[in-house]
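A quick write-up on the structure given underneath.
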Amino acid sequence: MKLSYSGQEHVKAPPAAVWAFVRDPERVARCLPDVQDVQVRDATHMDATVQVGVGMVRGKFRFGIEVQPEEDTGRVNVKVGGGGLGSVVDLLAGATVVDNGDGTTTLDWTGDATMRGPVATVGGRLLDAQAQKLIQKTFQNMSASVEASSGTLA
54 MKLSYSGQEH VKAPPAAVWA FVRDPERVAR CLPDVQDVQV RDATHMDATV
104 QVGVGMVRGK FRFGIEVQPE EDTGRVNVKV GGGGLGSVVD LLAGATVVDN
154 GDGTTTLDWT GDATMRGPVA TVGGRLLDAQ AQKLIQKTFQ NMSASVEASS
204 GTLA
């Protein structure tokens, strides 16, 4: 099952603060909803254990995560791959970092996920709604974390 999403997140912090944040893989991984544990492997790779609940499929999934900040193109990509309970999830999410010119930043984000196994058989609409919420919540968590760390939390 393949799913695609897009949206925007307004960050009350300048682009420099956003770029500083996305260069720290542990901080990015901690923005995943229901994260249980993060193990950083190097400057762009980490492993995360996440509590997942979609319909009757509930348990811990283990993901490898790669954060790819590309300041020269104005984009940060996050590759997530892994799974659990007989299911496999591959996700590529990314955001273009847009300077609003007023000390704030907009993240224009997209996400594409492919799921196989029991998690994909839960039902299209339920899975679709849950995946959309998870991706949106991740970017909301990033926004709140950047704002808090830059001292601009409103």
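One rule links them: number in our numbering = place in the sequence shown (from 1) + 53.
Virtual Cβ for every residue (Gly too), placed ideally from N, Cα, C.
Locate the alpha helix (DSSP H) running through ALA70, then write down its first and last residues.
-> 68 to 75
Who does SER198 pair with in a DSSP beta bridge?
-> Paired residue(s): none; SER198 is not in a bridge.
Neighbourhood of THR167 by C-beta, 6 Å cutoff - its chain only, sequence neighbours within 5 removed = LYS55, ASP143
Between the region 70 to 79 and the region 183 to 191, do three or more beta carbon pairs fall short of 8 Å?
-> no
Compare the Cα-Cα distances from PHE116 to each of VAL129, ARG128, VAL133, ASP125 and report the closest residue.
-> VAL133
Whether ALA82 touches SER203 by CB criterion (8 Å) | no
Which of the three DSSP states, helix, strand or coil, is assigned to THR174?
-> helix
Using 10 angstroms around the beta-carbon of GLY112, count the other beta-carbons present and answer buried if the total reaches 16, otherwise exposed.
-> exposed
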